[in-house]
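Enquirer: Letter by letter, the sequence shown follows residues 18 to 101 of my numbering. Supplied in structure tokens, the structure appears directly below.
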Amino acid sequence: MIVRMWEARAEPYGVTDLITWVCDTALPEFEHDPMHLSSEVFSSTDHRVVVISKWRSNPRPLPAPPAMLLARPPHSWDFTQVDR
């Protein structure tokens with residue numbers, strides 16, 4: 018399993034719209050992908066929006082969000098579970 022963490026910092030006025038975009042536009046694009054297992058969306062008090070998505074393999078990137086909502090471009094990282 019691969020876990021992808023996607024993070025974007027929204028403009029202060031844009032965090033609600035960015036969350037709406039993630040939930041209504043970005044995530045539905047790959048929810049039916051057979052490699053996609055699940056996704057969760059989080060927000061923080063400093064205007065960050067984070068998506069944690071779990072994949073069997075080959076995670077798909079989120080599409081580019083509307084630039085007017087962003088304080089800086091999004092970043093993403095892939096993780097695999099550590100056996101301990």
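Even glycine gets a Cβ: it sits at the ideal position worked out from N, Cα and C.
Does DSSP classify residue 28 as helix, strand or coil?
Expert: Residue 28 falls in the coil class under three-state DSSP.
Enquirer: What's the gap between the Cα of residue 64 and the Cα of residue 45?
Expert: Distance between the alpha carbons of residue 64 and residue 45 is about 22 Å.
Enquirer: Return the first residue and the last residue of the beta strand (DSSP E) that residue 54 is part of.
Expert: First-last of the beta strand (DSSP E) with residue 54: 53-60.
Enquirer: On the CB-based measure, 16 or more other CB atoms within 10 Å of its CB, does residue 66 come out buried or exposed?
Expert: Buried is the call here.
Enquirer: Assuming residue 101 contacts residue 18 under a Cβ cut-off of 8 Å, what Cβ separation, rounded to an integer in Å, is found between them?
Expert: Actually they do not touch by this definition, with Cβ atoms about 16 Å apart.
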